[in-house]
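Right, one structure below, let's go through it.
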Amino acid sequence: MAKPKVLVTGAAGYVAAQLLPTFHERYDCTLIDVTTTDRDGHEVPGVQRQSLLVDDLDELRSLFAGCDAVVHLAFVRRTEDRHEQFDGEMDNIRMAYNVLRLSLEEDVRRVVVASSNHAADFYEHLLRSREMDMLPATNDIRPLSDNYYGWAKESYEHLGFVFATGTLGRKLENVHIRIGAPRSLDAATLEGDREGFPYRRNLGAYVSPRDLTQLMVKSIETENIDNEWGVPWQVFYGISDNTRSFWGLENARRVIGYAPEDDSEVTWAKDVYENLTTKGVIGRVGRVP
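For the sequence shown, our numbering gives the first residue as 443, with consecutive numbering after it.
Here is the structure:
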């Protein structure tokens, strides 16, 4: 039986590096990025150099033709100037549009998009002040961000909803994963922070490579991803089963059977004990009592 054909954008990036070993086992992968090397300058095997920011979409069409799924990880990095970031994020939205449109036109069944927890990061102010306890990834709350990066990620999600409704000709199935903290956690981030908030926040946001891979694979392969309105569109938080989590996983568990295996509290138990418990810093993301 032939493997499903999957196009991966941003394939030379950090997140892709965690996914590709499993992807290569399960799928016939086409890999594209604007570079063929990772951040350390190492060549990533199989990556084709290709920008998604083109004036003529026909230049990209052959990459999408015949694909069963597209995993969109590509993005334009932020600049330091906050107002210049707007232009960069508009490019990111344009890339997401190009991916969704070409997927629609080339009969791709499903698109899985790397969104970000920052799509709703405004609510972290309320979580930290304990005006909220948990933020669900459901339709019960509108995602709000106080920065251009998060605004763009939420725009991906809403754009995907438009494509999923069928008003553009057919329902393009799409899933958006609000990735949390996909890197190893460094207790040194506590330095200079009496409450240890950045470290505690990342303990709640952490996603291990195997959990992120599971989430992506199940987002690609689950047969039915319809929401309560019959629209094949979902938004899931990309985190592990963390003791200190403050984002909900209930919809990912229910819709695609996500069963995370890791917990940052266990993985870094020694660091947590030495840097938080023994220093009186307790709780999840709220203030120290």
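Where a beta carbon is used, it is the ideal one built from N, C-alpha and C, also for glycine.
Next on the checklist: Three Cβ pairs or more, each shorter than 8 Å: is that satisfied between the stretch 535–551 and the stretch 497–512?
Outcome noted: yes
Checklist entry - Looking at the structure shown, is D529 part of a helix, part of a strand, or coil, going by DSSP? => result Counting from one through the sequence shown, the residue named residue 529 turns up at place 87. In the structure shown, D529 sits in a helix (DSSP, three-state: H, G or I).
Next on the checklist: Please classify W671 as buried or exposed, where buried requires at least 16 neighbouring CB atoms within 10 angstroms.
Outcome noted: For the purposes of this step, residue 671 is taken as the residue at position 229 of the sequence shown. By the 10 Å Cβ count, W671 comes out exposed.
Checklist entry - How is T655 classed by DSSP in three states: helix, strand or coil? => result Taking the sequence shown and counting its residues from 1, one reaches residue 655 at position 213. It is helical.
Checklist entry - What number of angstroms, rounded off, separates the C-alpha of E707 from the C-alpha of D683? => result Position 265 of the sequence shown, counted from the start, is the residue given in the question as residue 707. Position 241 of the sequence shown, counted from the start, is the residue given in the question as residue 683. Rounded to the nearest angstrom, the two C-alpha atoms are 9 Å apart.
Next on the checklist: So for A538, helix, strand or coil by DSSP?
Outcome noted: Here residue 538 refers to the residue found at position 96 when the sequence shown is read from its first residue. Helix at A538.
Checklist entry - In three-state terms, what does DSSP make of V512? => result As a first step, residue 512 must be located in the sequence shown, where it is residue number 70. Three-state result, V512: strand.
Checklist entry - In chain order, what residues of the same chain lie with their CB nearer than 8 Å to the CB of V448, ignoring the 5 residues before and after it? => result Position 6 of the sequence shown, counted from the first residue, corresponds to residue 448. Closer than 8 Å at the Cβ level, and outside the excluded window around V448, lie F465, Y469, D470, C471, T472, C509, D510, A511, V512, V513 and I662.
Next on the checklist: Against chain B, does Q490 count as a neighbour if the rule is that its beta carbon must be under 9 Å from one of theirs?
Outcome noted: Within the model displayed, chain B is absent; a lone protein chain is all it includes.
Item to check | Among A507, G530 and E526, the one whose alpha carbon lies nearest that of V518 | outcome: As a first step, residue 518 is located in the sequence shown; it is residue number 76 there, counting from the start. Looking at the Cα atoms, G530 is the closest of the given residues.
Checklist entry - Where does D653 land, buried or exposed, given buried means 16+ other C-beta within 10 angstroms? => result On the sequence shown, residue 653 is found 211 positions in, with the first residue counted as 1. So D653 counts as buried.
Item to check | CB of Y590 within 9 Å of CB of Q527, strictly | outcome: Looking up residue 590 in the sequence shown gives position 148. Looking up residue 527 in the sequence shown gives position 85. Against a cut-off of 9 Å, the Cβ pair of Q527 and Y590 comes out as a contact.
Checklist entry - Would you say the stretch 576–588 touches the stretch 642–656, given that touching needs at least three Cβ pairs under 8 Å? => result no
Checklist entry - With a cut-off of 8 Å, do at least 3 Cβ pairs link the stretch 565–576 to the stretch 593–613? => result no
Item to check | Bridge-paired residues (DSSP) for A623 | outcome: As a working note, residue 623 is residue 181 in the sequence shown. Per DSSP, Y648.
Checklist entry - Taking the continuous alpha helix (DSSP H) assigned at V550, which residues delimit it? => result Position 108 of the sequence shown, counted from the start, is the residue given in the question as residue 550. Premise fails: V550 is in no alpha helix (DSSP H) and is neither H nor E.
Checklist entry - Does the separation of the CB atoms of V450 and L461 fall below 9 Å? => result The residue given as residue 450 occupies position 8 in the sequence shown. The residue given as residue 461 occupies position 19 in the sequence shown. Taking 9 Å as the Cβ cut-off, V450 and L461 qualify as a contacting pair.
Item to check | Neighbour-count burial assignment, L568, 16 or more Cβ in a 10 Å radius | outcome: For the purposes of this step, residue 568 is taken as the residue at position 126 of the sequence shown. Looking at its Cβ environment, which holds fewer than 16 other Cβ atoms inside 10 Å, L568 is exposed.
Item to check | Buried or exposed (CB count within 10 angstroms, at least 16 for buried), S493 | outcome: Position 51 of the sequence shown, counted from the start, is the residue given in the question as residue 493. Exposed: under 16 other Cβ atoms inside 10 Å.
Item to check | S558, DSSP secondary structure in three states | outcome: Reading the sequence shown from its first residue, position 116 is the one you call residue 558. Residue state, collapsed to three classes: strand.
Next on the checklist: Just to confirm the assignment, what range does the alpha helix (DSSP H) spanning L473 have?
Outcome noted: Within the sequence shown, the letter at position 31 stands for residue 473. Segment D470 to D475 is the beta strand (DSSP E) holding L473; no alpha helix (DSSP H) there.
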